[in-house]
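Below is one structure, written out as structure tokens; the observations come after it.
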Amino acid sequence: KSNCYARSAQIRKIRKKMVEIMTKEAGTVQLRELVKKLIPEVIGKEIEKQTQGIFPLKDTHIRKVKIIKKPKFDITKLMELHGDGDGDAGVTMVVQEAEEAQNLLTASAAAVDDE
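Its first residue numbered 269, the sequence shown is counted upward by one per residue in our numbering.
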């Protein structure tokens with residue numbers, strides 16, 4: 269035989285196992301680490317291994333990921349990541365911009381302020 273198809277009971281078991289593996293993997297790590305796992309197909313290979321007893325799968329890929337619940341926003345964790353913010357809002361430009369590159373609205377407002 270060239271093709272072999274799973275029965276509906278096997279499909280239900282495989283789908284249940286896939287959902288279980290994906291929620292376990294997604295629930296334990298941050299979004300950044302989850303993306304790092306999705307790109308090299310680590311979760312797809314894990315699904316292949318776990319479902320071998322039900323039905324032999326090959327070329328298992330995750331093609332779509334949906335965020336069901338918005339992650340909790342923790343302001344203290346955000347501040348730890350970005351530091352206290354030393355107040356450095358930028359530096360003045362060393363080289364002057366070309367005349368045609370300057371914003372006309374701010375240039376005209378500065379000219380009115382100078383007069």
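Yeah, the Cβ is synthetic: ideal placement off N, Cα and C, and Gly gets one too.
Beta-carbon of K313 versus every beta-carbon of chain B: anything under 9 Å? Checking the listed chains, one finds no chain B in this structure; it contains a single protein chain.
Taking all protein chains shown into account, do 16 or more other C-beta atoms lie within 10 angstroms of the C-beta of M347, making it buried, or fewer, making it exposed? That one is exposed.
At a threshold of 8 Å, does K332 count as lining the ligand FMN (C-beta to nearest heavy atom)? Among the components of this structure there are no ligands whatsoever, and the ligand FMN is therefore not found.
Using the beta-carbon count (16 or more within 10 Å), is G321 buried or exposed? exposed
If we count the other Cβ atoms within 10 Å of its Cβ and call it buried at 16 or more, is T291 buried or exposed? Exposed, because fewer than 16 other Cβ atoms sit within 10 Å of the Cβ of T291.
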